[in-house]
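Heads up, the thing below is written out as structure tokens.
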Amino acid sequence: HDSHGGHAHHGQYGHYQERAMRSACRAPRWHPHVRYMPGQVVRRQGNLFVARRVSARVWNVNSPPEWTPQYWSYAECR
Numbered sequence: 001h002d003s004h005g006g007h008a009h010h011g012q013y014g015h016y017q018e019r020a021m022r023s024a025c026r027a028p029r030w031h032p033h034v035r036y037m038p039g040q041v042v043r044r045q046g047n048l049f050v051a052r053r054v055s056a057r058v059w060n061v062n063s064p065p066e067w068t069p070q071y072w073s074y075a076e077c078r
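Numbering (this note's numbering), first residue to last: 1 to 78.
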């Protein structure tokens, strides 16, 4: 795709956020024993979350998304 075309700049997590929105509709439930990598989407308590880039460097096992916003961003199903 054309990287110079009319795309707004999404900031630091834009790439992961965009990919998350495409896959969020089929997101699995968040599981406390899984280590999630950047861009992975999970569903928890009716909300969707996408693992942030920092997840590549940190051990985010048993980090509930709503309790650890440094590891997760909200995602949307589109």
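We put the beta carbon where it would ideally sit given N, CA and C, even for glycine.
For residue i, three-class secondary structure by DSSP
i	result
A56	helix
R26	helix
P42	Position check: residue 42 holds Val in this sequence, whereas Pro was assumed. Strand.
W67	coil
Beta-carbon contacts of residue i that lie in its chain and below 6 Å, excluding the five residues immediately before and after
i	result
Q40	A51
Rounded distance between the beta-carbons of residue j and residue i, thought under 8 Å
i	j	result
A27	V42	6 Å
F49	W67	No, F49 and W67 are not in contact; Cβ-Cβ is about 11 Å, not under 8 Å.
R53	R29	Actually they do not touch by this definition, with Cβ atoms about 22 Å apart.
Of the listed residues the options, nearest to residue i (C-alpha basis)
i	options	result
P32	C25, N62 and W72	N62
V34	G46, P65 and C25	P65
Sequence-distant residues of its chain with Cβ nearer than 8 Å to residue i (five each side left out)
i	result
M37	A51, S55 and A56
Sequence-distant residues of the same chain with beta carbon closer than 7 Å to residue i, five excluded per side
i	result
Q70	V54
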